[in-house]
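Student:
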Amino acid sequence: MSMVRFGRGLLLLLVMAGCSSSPTSLVDTGAEADPTLYIFVTHECPIANRYAPEIGRIAEEHLDLVGPTVVVYADANASAKDCATHFKQYYLATDSMEDEAHVASVTMVHDAEHAWVKRFDARAVPTAVIARGKIVLYHGRIDDRNPRLGARRVQAGQQDLREALAALRAGTLKLTRTRVVGCSIDRTAG
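Residues in the sequence shown are numbered consecutively from 848, following our numbering.
(1) I want to know whether the segment 956 to 965 touches the segment 988 to 999 - three or more CB-CB distances under 8 angstroms.
(2) Since LEU1015 is in the alpha helix (DSSP H), which residue starts that stretch and which ends it?
(3) Rounded C-beta distance between ALA971 and VAL1027? I'm assuming under 8 angstroms.
(4) Can you tell which of TYR985, LEU984 and VAL976 has its C-alpha closest to the C-alpha of VAL888?
(5) Determine the closest residue to PRO882 out of TYR898, GLY903, LEU912 and ASP929, with distance taken between C-alpha atoms.
(6) In chain order, what residues of the same chain lie with their CB nearer than 6 angstroms to the CB of PRO906, ignoring the 5 residues before and after it?
(7) Only counting runs of 3 or more residues, tell me where the beta strand (DSSP E) segments fall wholly within the segment 886 to 951, in order along the chain.
(8) Buried or exposed: SER872, going by 16 or more other Cβ atoms within 10 Å of its Cβ?
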């Protein structure tokens, strides 16, 4: 599994070449590590796909706090090419696509072997995880737009991930876990 940062120009080439599925990037550091934001998605989940613009905005707004947001494709049966194409379509093709700051704010991992899924206990997508090394500070939903399967609000009433990031910035984030409503991750694969 590899993490790839993107710049303009050779974008597609880098996406295609940099997406692998062997777990080599899981670093077991402790509390001294910088926090990282992981968003678990699959390329076929309509709920996760609807969140792509919001994930892009969050990534840009909090780049200084958590570094590039890592979009983790929990598609054990998808090809690296499918994940890379989806990433380019959904996470780089935003209003900010020409903005290099946006391109630098997101990166991707194809978790074909589910090393990241298992490590962070992701069971549905989209799941957001803020971790500092091994320490999970937040695990849950992005917001409450999907209160249950089949139900969707136009606007979120509770911005869980944004609130967790604001608390992290203020130094007041306590371990938080919220229930994710979305597409199940096939944990038998990988």
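We treat Cβ as the ideally placed atom computed from N, Cα and C, and that holds for glycine.
Tutor: Quick answer:
(1) no
(2) 1007 to 1017
(3) 5 angstroms
(4) VAL976
(5) LEU912
(6) The sequence given here has Ala at residue 906, not Pro. Cβ within range, chain order: THR916, SER952 and VAL953.
(7) 916 to 920
(8) Low confidence applies here, because SER872 scores a pLDDT of 45, under 50, leaving its location unreliable; read the following figure in that light. It is exposed - the Cβ of SER872 has fewer than 16 other Cβ atoms within 10 Å.
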